[in-house]
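Chemist: One structure follows; several queries about it will come next.
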Amino acid sequence: MDVMVAENWVKDIENTAHRIRLRVFEHVLKNNGGYMSQACSSSEIFASLYSKIMRLGPSIAPLKPRKFQGVPSANNPNYFRGGEYNGALLPEYDQFVFSPSHYALVLYATLIEVGRLAEDALDEFNKDGSTVEMIGHEHSPGCDTTTGSLGQGISQAGGFALARKLLGETGRVWVFMSDGEFQEGQVWEAVAAMRHYHLDNVGVYVDVNGQQCDGVMADVMTTEPLAEKLEAFGARVIKVNGHDVKALVEASEYVPDGRPLFVLAYTNPTYCLDLLNERRPILHYLRFKSPEERKRYEDYYNEVKEKMLWRS
Numbered sequence: 015m016d017v018m019v020a021e022n023w024v025k026d027i028e029n030t031a032h033r034i035r036l037r038v039f040e041h042v043l044k045n046n047g048g049y050m051s052q053a054c055s056s057s058e059i060f061a062s063l064y065s066k067i068m069r070l071g072p073s074i075a076p077l078k079p080r081k082f083q084g085v086p087s088a089n090n091p092n093y094f095r096g097g098e099y100n101g102a103l104l105p106e107y108d109q110f111v112f113s114p115s116h117y118a119l120v121l122y123a124t125l126i127e128v129g130r131l132a133e134d135a136l137d138e139f140n141k142d143g144s145t146v147e148m149i150g151h152e153h154s155p156g157c158d159t160t161t162g163s164l165g166q167g168i169s170q171a172g173g174f175a176l177a178r179k180l181l182g183e184t185g186r187v188w189v190f191m192s193d194g195e196f197q198e199g200q201v202w203e204a205v206a207a208m209r210h211y212h213l214d215n216v217g218v219y220v221d222v223n224g225q226q227c228d229g230v231m232a233d234v235m236t237t238e239p240l241a242e243k244l245e246a247f248g249a250r251v252i253k254v255n256g257h258d259v260k261a262l263v264e265a266s267e268y269v270p271d272g273r274p275l276f277v278l279a280y281t282n283p284t285y286c287l288d289l290l291n292e293r294r295p296i297l298h299y300l301r302f303k304s305p306e307e308r309k310r311y312e313d314y315y316n317e318v319k320e321k322m323l324w325r326s
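Laid out in structure tokens, this is it:
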């Protein structure tokens, strides 16, 4: 019976991941562009975080995204945080820090699929006055802090985690990062600080898809051997297949030992969408070059939709 229950939650999360990926694909087709490879690589990570790993309370934000009400200020009573979609930040609840701004579309699609954001929320994507921004900000759904420049999220998470530990709160801080962020020096300072302060209430999931804006990371500026570098800085490191839901979840079930946890999820930026391979090595942003190419992708969308909806 226990095995059957385990198989059910794994399949549920896998299906959620496929829906995230397809929702982003549909958006890209409708809007002639979008961050498609990021959805291919990270959907299982997002689905696992929101469905199983993080202990979040119910959303305290409206399903329909609110309009932008201005920046944080003592004189702005209408200001709100996008982190409200992750629930109230009570001592026993976890906190989510979303770091790479260009994954915002994937985050929004995730919130829709787990019932924290309205089904039609992406209709507001990147429109004037909308909080459903292409580059997520602290007022965007699911975001607690600004998400750029790259590499800043982990420092913010370290500050949150230290405060929570000093307050005696049991909730953990979970971070989603991209592997390209490890090209930033600030990231390594943050890892050193988290180890120094024994912040074992931080868990970082990294989408190691080997891609960045200018192409393959190994050609631009490699970060490997990433695991060994992190371990040298005092982190606890687990390497997993980033499309293996069970492995992603099991990595979070650790006994704290004074070290921050880094789960290096090695992924494929064209996972489930083989047609994207024709774009290699430049996969960062998918924009169609002609009506004919767009039609090919529309046909391919219908083909993979039938294959993926729904595995049982």
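If you're matching positions, the sequence shown starts at 15 in our numbering and goes up one per residue.
Just so it is clear, CB atoms sit at the ideal spot from N, CA and C, and this is done for glycine as well.
This structure is a prediction, so every number in the text was calculated from the model and none was measured.
If the criterion is Cβ atoms closer than 8 Å, does the pair residue 189 and residue 216 meet it?
Modeler: Against a cut-off of 8 Å, the Cβ pair of residue 216 and residue 189 comes out as a contact.
Chemist: Mapping the DSSP letters down to three states, classify residue 221 as helix, strand or coil.
Modeler: Here residue 221 sits in strand by DSSP.
Chemist: List the DSSP bridge partners of residue 280.
Modeler: The partner list for residue 280 (beta bridge, DSSP) reads 222 and 255.
Chemist: Should residue 158 be labelled buried (16 or more other beta-carbon atoms within 10 Å of its own) or exposed?
Modeler: Buried: at least 16 other Cβ atoms inside 10 Å.
Chemist: To test your reading of the DSSP string, which unbroken alpha helix (DSSP H) runs of 4 or more residues are found completely within the stretch 147-224?
Modeler: Counting only runs of 4 or more, we get 167-181 and 199-210.
Chemist: Alpha carbon to alpha carbon, how far is residue 227 from residue 52?
Modeler: Going by the C-alpha atoms only, they are around 11 Å apart.
Chemist: Please tell me whether residue 30 and residue 61 are closer than 8 Å, where the distance is taken between their beta carbons.
Modeler: The answer is yes: Cβ separation under 8 Å.
Chemist: For residue 206, verify whether its CB is less than 7 Å away from any heavy atom of the ligand SAM.
Modeler: Among the ligands in the structure shown, none appear at all, so the ligand SAM cannot be discussed.
Chemist: Around the C-beta of residue 325, are 16 or more other C-beta atoms found within 10 angstroms, so that it is buried, or is it exposed?
Modeler: Confidence in residue 325 is poor, its pLDDT being 47 and thus under 50, which makes the residue's placement unreliable; the coordinate value appears in the next sentence. Looking at its Cβ environment, which holds fewer than 16 other Cβ atoms inside 10 Å, residue 325 is exposed.
Chemist: Pull up the distance between the alpha-carbon of residue 68 and that of residue 107, whole angstroms please.
Modeler: Distance between the alpha carbons of residue 68 and residue 107 is about 8 Å.
Chemist: Report the partner residues of residue 83 according to the DSSP bridge assignment.
Modeler: Beta-bridge pairing links residue 83 to no other residue.
Chemist: Pair every Cβ in the stretch 231-245 with every Cβ in the stretch 259-267, then say whether three or more of these pairs are closer than 8 Å.
Modeler: These segments do not touch.
Chemist: Per DSSP, what kind of secondary structure is residue 318 in: helix, strand or coil?
Modeler: Correct three-state label for residue 318: helix.
Chemist: Note the first and the last residue of the continuous beta strand (DSSP E) segment covering residue 111.
Modeler: Start and end: 109-112.
Chemist: How is residue 290 classed by DSSP in three states: helix, strand or coil?
Modeler: If DSSP states are grouped into helix, strand and coil, residue 290 belongs with the helices.
Chemist: Quick check on the burial criterion: 16 or more other C-beta atoms within 10 angstroms. Buried or exposed for residue 15?
Modeler: Annotation note: pLDDT 42 at residue 15 (below 50); position unreliable, coordinate value reported separately. Classification of residue 15: exposed, given that the 10 Å Cβ count is below 16.
Chemist: So what's residue 229 in DSSP terms, helix, strand or just coil?
Modeler: Reduced to three states, the DSSP call for residue 229 is strand.
Chemist: Beta-carbon separation of residue 111 and residue 171 under 8 Å?
Modeler: Yes.
Chemist: Which of the three DSSP states is assigned to residue 144 in this structure?
Modeler: Note: residue 144 maps to strand in three-state DSSP.
Chemist: To the nearest angstrom, how far is it from the Cα of residue 140 to the Cα of residue 271?
Modeler: The straight-line gap from Cα to Cα measures roughly 42 Å.
Chemist: Would residue 126 and residue 135 be called neighbours here (beta carbons separated by less than 8 Å)?
Modeler: For residue 126 and residue 135, yes; Cβs fall inside 8 Å.
Chemist: Buried or exposed: residue 142, going by 16 or more other Cβ atoms within 10 Å of its Cβ?
Modeler: So residue 142 counts as exposed.
Chemist: Can you grab the Cα-Cα spacing for the pair residue 3 / residue 274, in whole Å?
Modeler: Past the boundaries of the shown model lies residue 3; the chain is included only from 15 to 326, so the question cannot be answered.
Chemist: For the alpha helix (DSSP H) containing residue 120, name the first residue and the last one.
Modeler: Segment 118-127, the alpha helix (DSSP H) holding residue 120.
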